[in-house]
């Protein structure tokens with residue numbers, strides 16, 4: 507009897523922890539996907555971020571990071587297909603029709619990956 511109860515208990519646990527077949531999509535707060543892009547009126551990368559994840563553009567200001575040596579040092583650095591592309595304003599040149607995904611990388615992670623000069627983090631764009 508105890509064994510049957512234990513086996514039943516395990517079955518409930520494993521079935522309850524299984525993956526779901528539902529297709530409900532919930533984007534990460536650090537990623538903008540093609541599905542997210544389709545639901546906007548944005549025409550370029552900057553408008554897209556301003557509409558969907560404006561906090562990416564304000565991250566460092568909220569933390570109180572200030573720089574007296576480099577203007578806009580707290581602004582995220584933009585990378586397109588793994589190559590440094592420019593500052594946030596450069597996102598205006600990217601049509602949303604060409605964007606597959608955009609990710610935000612926090613300052614610490616961006617500095618570890620790309621080196622110094624990323625106090626505002628990094629915005630990584632993957633083109634189609």
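Residue numbers (my numbering): 507 to 634.
Built from N, CA and C at the ideal position, the CB exists for glycine as well.
For the beta strand (DSSP E) containing residue i, list its first residue and its last residue.
i, result
"residue 590", "589 to 592"
"residue 628", "628 to 633"
"residue 605", "605 to 611"
Taking Cβ positions, are residue i and residue j nearer each other than 8 Å?
i, j, result
"residue 544", "residue 585", "no"
"residue 564", "residue 555", "no"
"residue 605", "residue 633", "yes"
"residue 607", "residue 539", "yes"
"residue 542", "residue 558", "yes"
"residue 551", "residue 582", "no"
"residue 591", "residue 536", "no"
Based on the DSSP output, what are the partners of residue i in its beta bridges?
i, result
"residue 601", "550"
"residue 583", "628"
"residue 537", "609"
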